[in-house]
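Counting the sequence shown from 1 gives a position; the numbering used here is that position plus 7.
C-beta atoms are modelled at their ideal positions from N, C-alpha and C, and glycine is treated no differently.
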Amino acid sequence: VATAATAVAAGRVELRRADIEANAPKNAASDDGGVTVDWLDFVPVWQRRVFGLILRLHRLEAAADARLGACQAWYDYCERLQRRMQALFEPYGEVRTNRLHGMIFAALLGKKVIFDDNSYGKLGHYAGQWFDRHPGIHAG
């Protein structure tokens with residue numbers, strides 16, 4: 008018996024570029040009712056500002072030749088971002104993406120991955136080199 012949870016797990020999340028490397032519009036609809044996002048959808052404006060503060064702190068550490076906590080702040084920042092991404096990807100059985108790190112992240116989560124190459128073939132080259140024998144990753 009399929010439940011709502013198993014129905015969602017069979018769905019697809021799409022991670023689509025919205026920048027100069029994009030081949031399709033960011034808001035291209037998912038054909039199965041799934042969710043379509045890009046990286047900046049994971050990072051609210053306040054968190055982008057935190058990133059800037061961490062970067063300034065790192066530069067200050069270098070200039071002062073002192074440890075002021077930038078490394079720990081960076082690890083904490085990355086861990087929060089990773090948890091947010093994982094929470095979005097986890098319920099879905101499949102990830103379709105035209106982002107290299109989306110392809111890698113989905114593979115690490117054990118998801119079925121369909122990738123659409125970017126404007127200059129980066130994903131296809133990477134997949135050919137590193138995922139050639141991976142049964143769950145293929146071109147769209």
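Cα atoms of residue 107 and residue 130: separation of roughly 6 Å, rounded to the nearest angstrom.
Collapsing the DSSP output to three states places residue 141 in coil. Contact between residue 47 and residue 104 is absent: CB atoms are separated by about 15 Å, not below the 8 Å threshold.
Annotation for residue 81: 61 place their beta carbon closer than 7 Å to its own, counting only its chain and skipping 5 residues before and after.
Taking residue 45 as the centre and dropping the five residues before and after it, the same chain places the C-beta of 22, 23, 24, 25, 33 closer than 7 Å to its C-beta, in chain order.
By the Cβ-count criterion, residue 70 is exposed, with fewer than 16 other Cβ atoms from all chains shown falling within 10 Å of its own Cβ.
For residue 60, the uninterrupted alpha helix (DSSP H) run begins and ends at 52 to 71, by DSSP.
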